[in-house]
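From first to last, the protein sequence lines are chains A and D. At position 122 of the first sequence the residue is numbered 122 (the working numbering), and the sequence of numbers has no breaks. At position 320 of the second sequence the residue is numbered 634 (the working numbering), and the sequence of numbers has no breaks. Report on one structure; see the data block that follows.
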Amino acid sequence: METLVEFLRTGMASPGITMLLNNPNFVLIQVLNSVSMGMNFFIIAAGLSLIFGVLKVINFAHGAFYMFGAYIMYSVTETMGLNFFWGVVGAGVGLVLLSAAIERTLFRFVYDKEHLLQLLLTFALVLILGDFAKILWGTEQYSVSYPDNLAGATNLGITYYPSYRLLLCLLGPVIFLAMWLFIEHTRWGRITKAATQNREMLAALGINVPLIYTSVFIVGSALAGIGGALASPFNSPTPGMDAIVIVECFVIVIIGGLGSLWGTFVGALIYGFVFNFGSVIIPNGQDIFAFLILLIVLLFRPWGLFGRPEMEGH
Amino acid sequence: MLHIAKQTAPIIAILTTLGTVQAAEVKIGMLYPITGGGAIYGSPAMTGHRMAVDELNSQGGILGMDVLSVERDTKLNPATAAAAAKEMITKDGVNVIIGGLSSAVGLAISEIAKQEKIVYIATIPKTIQLTTTKKHEYVFRTASHTDFEGDAIAQIAKQLDAQRICDIQLDYAYGHDLADGIDKGLKRHLPTAKKILSLRPKLRATDYNVFITQILGAGCDVVTSGLWGPHFVDFAKQATPFGLFKQIKYITGGEIGSHEIAGSLGKDYPDNVWANSYELWYHHPNQEHETFQNLLAERLGTEETAMWPILALIGVRMYAAAAEKAGSLDAAQISGALKGLTIETPVGPRTIDSETHQADTGQFWGPMVEKEGVPYRVMDPITYIPAHIIE
């Protein structure tokens, strides 16, 4: 009880609240912190949501793909000496190859199996890929430098903000828009969307469903790898980094709705805002607000804000 | 009957011999995280542990018996560590447990040691609780602790004439106890200083922007911290574009002066950081350190060696010396022998206080500076701050 009182006392007396009330620049910076954090998570979680939406597999190994992206970025930029752009490309290509191999040799055999078996498979993959990363990159922590022209801060007129974080604020919506346009306005996208509804009907229409599955798995995993590469300048590639990000991604996709692109985008923004403003209001309870929202969603709308309830018979 | 006895005699003899061989072994239980995020420190610590075991065996073992290292992975998780400790004692029959990484893990192992009445030597966990409120007959520590570290931070804050202090610590036992240690140290050395902001990011936090911007908004002249390992690397990488290190001096525990961090950050290591380390590969306080460092470099295949092996090595040496002093492997007798015991180490002599069970382990402190022709920061000047709190 005393601990709770102390917790509430320190929270209520937080100097952060005074800064929020008296300093508009501080509020703007927290807004930017929220958006940049949310967009970083969106890029990673979008792949997780996409894979679940089409394949109906909850992929615990998604965090490991993110970790591989960060490590590949390190190898390309720091070991091979190529520039940051090639690091991102390398992470994307690396994850395309890795995920294609995993999908063809493992995942395709569990699509029709029960969820528990799928979960166990992805969990086993987490452990295998974790050890694989340790063999390839060792147990050290690495540092990836920011690209030279994005290492500093940008003058926004009323305040300065780190340039690289601003890039993330822009990159998230660009990726969201590209994915939305692809899914809504291309034939391949419409087929992918249809696969989320009724895969048997698609197969009956002569569509190569296994190819759709492979493509979706590759795109989703490549997004995780690119997310890891983009995060590596401020999240050092280390063993175990996968375990942290996967929890945050699950919170985001559950709030937004598993399988929903819009839901993942909005869920990531909600997570960014509640984490940052929550941390200012209650510095010792950063996760309270995000998990409170998660709890409310699970109780009153378990399919998420933008998801659809699963209908019986489907 | 005699016939049966004659036939079974050789078998009994062999079994007896085997029994003797088994008994003539000292089993040292090692607990470090060797997979997952903690492996960054656990793996080099394991190297130091094995070095010490090899060293003992090459010198005739302990009490003339071979030393066997029984190794388990804590995964940096207190529950896993406690289960592994229990298994080591009940199944493997270890004589001692040495290791632990993270204060929460250290406390968990200590509880098992207390229940099972077996000696536990904490080589890395720093929480003051281990040798104060949670102290018991079988727990000893060769690492430093949060009060020593906090006192050293306060001494440096005094040198830098800090007046408005922001404190950022991880939200678990080590972070909380170090914050208390700093508070106590400031009362002793710099009573005029005011702590204006306390922040507690969670253990394994990855995004520090919200904390960095609060520090910048608070108007402090010094930040005190214990963000360790990847936490500091991420914090530094995120705080640099905000200009935090250009505006505010940063005094940190958590061995941010070690080569693991300096080498990892390279040219990205920020300015104005005063940090600590148990050992520095480029600084030889005595002849033995040079020999030790050469051996370690050979084993690791790099001249620029990690800091963690020395901690594990000291733990094993301390146990071996206690067993020799006690002339027995009995836990109660070894506990008695550890009290007041002094050993020589590559970083100077270490004595365990008979009251607190705490070794007088000081640390090297100093500003992290650029050096011409070297691609990473080094500590210069290096000051050894001993483990003595003067009230």
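The beta-carbon is built from N, C-alpha and C at its ideal position, and this holds for glycine as well. Computed from a prediction, not measured in an experiment: that's the story for all the values here.
- Taken in chain order, the whole beta strand (DSSP E) runs of length 3 or more contained in the segment 387-421 of chain D are 410-413.
- D:T616 and D:N608 have their C-alpha atoms some 10 Å from each other.
- Proximity of D:V536 to chain A, defined by a Cβ-Cβ separation below 8 Å, is not satisfied.
- Classified as buried, D:V340 has 16 or more neighbouring CB atoms from the shown chains inside 10 Å of its CB.
- When only Cα atoms are considered, A:F42 and A:G63 end up about 13 Å apart.
- Under the Cβ distance rule, A:F234 counts among the residues neighbouring chain D, one pair being separated by less than 8 Å.
- By the neighbour-count criterion, in which 16 or more other beta carbons inside 10 Å mark a residue as buried, D:S372 falls on the exposed side.
- Taking one beta carbon from each stretch, the segment 492-512 of chain D and the segment 451-470 of chain D have 3 or more pairs nearer than 8 Å; the two touch.
- Taking the C-beta atoms as reference points, A:L48 is found nearer than 8 Å to A:C249.
- The three-state reading of DSSP puts A:P173 in helix, counting H, G and I together.
- Distance from the CA atom of D:A493 to the CA atom of D:I479, rounded to whole angstroms, is 12 Å.
- The beta carbons of A:P239 and A:A133 sit about 7 Å from each other, so the pair counts as a contact at 8 Å.
- A:P173 counts as exposed, since fewer than 16 other beta carbons sit within 10 angstroms of its beta carbon.
- Within the same chain, Cβ atoms closer than 7 Å to the Cβ of A:G307 are found at G257, L258, G259, S260, G263, the five residues on either side in sequence being excluded.
- In this structure A:R199 is buried. Its beta-carbon is surrounded by 16 or more other beta-carbon atoms within 10 angstroms.
- Nearest CB-CB separation between D:T520 and chain A: below the 8 Å threshold.
- Contact check for D:L390 against D:S424 fails: the beta carbons are separated by 8 Å or more.
- D:W622: member of the alpha helix (DSSP H) spanning 622-640, first to last residue.
- Identification of chain D residues near A:E140 by a Cβ-Cβ cut-off of 7 Å yields I354, S578, ordered along the chain.
- At a C-beta separation below 8 Å, D:D548 has these neighbours in chain A: F234, N235, S236.
- Leaving aside the five residues that flank A:F182 on each side, the residues in its chain whose CB is nearer than 6 Å to its CB run, in chain order, G189.
- According to DSSP, D:I565 shares a beta bridge with D:T538, D:W588.
- Pairwise C-beta distances place the segment 446-458 of chain D in contact with the segment 420-435 of chain D, as three or more of them are shorter than 8 Å.
- Using beta-carbon distances, D:S591 does not count as an interface residue toward chain A, since no partner is under 8 Å.
- For the segment 435-483 of chain D, the continuous alpha helix (DSSP H) assignments of 4+ residues that do not extend past its boundaries occur at 460-473, in sequence order.
- With fewer than 16 neighbouring CB atoms inside 10 Å of its own CB, A:F109 falls in the exposed class.
- Per the Cβ contact rule, the segment 201-219 of chain A is not in contact with the segment 281-292 of chain A (fewer than 3 Cβ pairs under 8 Å).
- At least one CB of chain D lies nearer than 8 Å to the CB of A:G152.
- Taking 8 Å as the CB threshold, D:I510 lines the interface with chain A.
- Contacts with chain D (Cβ-Cβ distance below 9 Å) from the segment 23-37 of chain A involve N23, N25, F26, I29, Q30, L32, N33, S34, S36, M37, listed in chain order.
- The way I'd put it, the segment 572-585 of chain D doesn't touch the segment 645-662 of chain D; fewer than three beta-carbon pairs between them come closer than 8 Å.
- Contact check for D:T527 against A:Q30 passes: the beta carbons are separated by less than 8 Å.
- Within chain D, the C-beta atoms nearer than 8 Å to that of A:Y164 come from P555, in chain order.
- Going by C-alpha positions, A:I191 is about 14 Å away from A:I51.
- Residue environment analysis places D:H459 among the buried positions, since at least 16 neighbouring C-beta atoms fall within 10 angstroms of its C-beta.
- For D:M682, the three-state secondary structure derived from DSSP is strand.
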